[in-house]
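Inspection log for the structure reproduced underneath, given as structure tokens.
Residue numbers (the numbering used here): 560 to 867.
Put into structure tokens, the structure is as follows:
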């Protein structure tokens with residue numbers, strides 16, 4: 560299974576890629592594989608902030624729109640605050656290793672923080688900053704009439720639906736934040752970003768989503784898309800903290816660039832794995848990060864250092 564996230568991790572640190580994409584297993588009886596799975600759930604405060612915004616959009620805003628109603632900013636902020644407080648309360652307890660813990664059973668209250676795992680405390684200043692940034696992200700979203708026009712006018716809205724297709728002998732997995740289907744125009748794929756700087760442009764990520772939508776087997780509830788080409792799709796990157804909207808489109812050159820990128824990344828990973836089962840790879844034989852910051856923010860510090 561290949562994804563853009565896995566490809567980035569592999570390039571940044573092969574050992575981190577191994578722990579996240581090969582060893583981690585929620586159902587494994589092996590204690591190390593189970594621990595690796597639990598560590599994969601750790602959030603930085605900033606990534607948690609983004610997950611709150613994503614969840615409020617997919618679990619409150621979009622379901623409300625499906626009922627032909629428009630949520631208010633006040634109601635949306637209230638939902639975000641409630642989720643924020645519930646998850647923060649759970650995270651403060653740091654129940655990561657509680658016997659029988661199941662993130663799926665805990666549900667929307669579940670949150671565990673990298674800082675609690677590795678320093679035993681939560682920086683309260685970061686928490687207050689995150690609280691304000693969530694409000695700002697939602698305010699910026701509600702200030703975008705062009706976004707709301709597309710959401711309200713959609714025939715069908717789909718959030719966080721896994722898509723897959725085959726490429727270079729490997730399954731490519733993609734999970735778009737939102738797909739808007741229309742009766743009379745091509746689908747719109749939106750990627751929500753909750754980043755301070757918003758420097759990285761996500762056209763390649765959105766392009767992979769577009770290829771997955773058009774090349775993969777459609778979900779049963781998806782409308783027929785045979786009248787459209789992948790180059791017809793609308794691709795939007797919505798930077799919710801900087802309040803920027805970036806519109807992208809694909810052409811044959813960009814599609815070829817994405818195809819080549821995926822092929823090269825898949826081949827690089829296959830060279831490392833060979834005929835070996837991924838979970839049985841020796842992490843000590845994999846390249847580690849060259850940046851100290853990558854190690855400092857890694858979820859797998861404890862098991863990585865133990866194996867070194």
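Ideal placement from N, C-alpha and C gives every residue a C-beta, glycine not left out.
Beta-bridge partners of residue i, as assigned by DSSP
i	result
residue 565	Paired residues: none, contrary to the question.
residue 694	BP columns for residue 694 are empty, so no partner.
residue 864	According to DSSP, which records beta bridges pairwise, residue 864 is partnered with nothing at all.
residue 817	In DSSP, residue 817 forms no bridge with anything.
residue 750	796
residue 705	In DSSP, residue 705 forms no bridge with anything.
residue 805	796
Cβ pair residue i, residue j closer than 8 Å
i	j	result
residue 600	residue 662	yes
residue 676	residue 825	no
residue 715	residue 765	no
residue 724	residue 769	no
residue 604	residue 651	no
residue 748	residue 624	no
residue 858	residue 598	yes
residue 856	residue 572	no
residue 591	residue 862	yes
residue 762	residue 794	yes
residue 811	residue 760	no
residue 809	residue 745	no
residue 596	residue 584	yes
residue 767	residue 563	yes
residue 645	residue 668	yes
residue 845	residue 593	no
residue 602	residue 671	yes
Supposed close pair residue i, residue j - CB separation, criterion 8 Å
i	j	result
residue 736	residue 719	7 Å
residue 842	residue 577	5 Å
residue 732	residue 560	5 Å
residue 739	residue 709	6 Å
residue 822	residue 582	Residue 822 to residue 582, Cβ: 25 Å. No contact.
Residue span of the beta strand (DSSP E) that contains residue i, given as start and end
i	result
residue 673	No beta strand (DSSP E) holds residue 673; the alpha helix (DSSP H) holding it covers 673 to 677.
residue 634	Element bounds for residue 634: not the beta strand (DSSP E) but the alpha helix (DSSP H), 632 to 652.
residue 723	722 to 726
residue 718	715 to 718
residue 738	737 to 740
residue 734	Run containing residue 734: none; DSSP gives neither H nor E here.
First through last residue of the alpha helix (DSSP H) which encompasses residue i
i	result
residue 767	762 to 774
residue 665	662 to 665
residue 615	604 to 615
May I ask you to verify whether the stretch 790 to 810 touches the stretch 699 to 707, counting CB pairs closer than 8 Å and requiring at least 3?
As far as the Cβ criterion goes, the stretch 790 to 810 touches the stretch 699 to 707, which means the pair count is three or higher.
Between the stretch 597 to 614 and the stretch 742 to 753, are three or more C-beta pairs nearer than 8 Å?
Counting Cβ pairs under 8 Å, three or more are found: they touch.
Can you confirm whether the stretch 685 to 694 touches the stretch 635 to 654 when touching is taken to mean that 3 or more C-beta pairs between the two stretches lie within less than 8 Å?
Taking 8 Å as the limit for Cβ pairs, the verdict is that the stretch 685 to 694 does touch the stretch 635 to 654.
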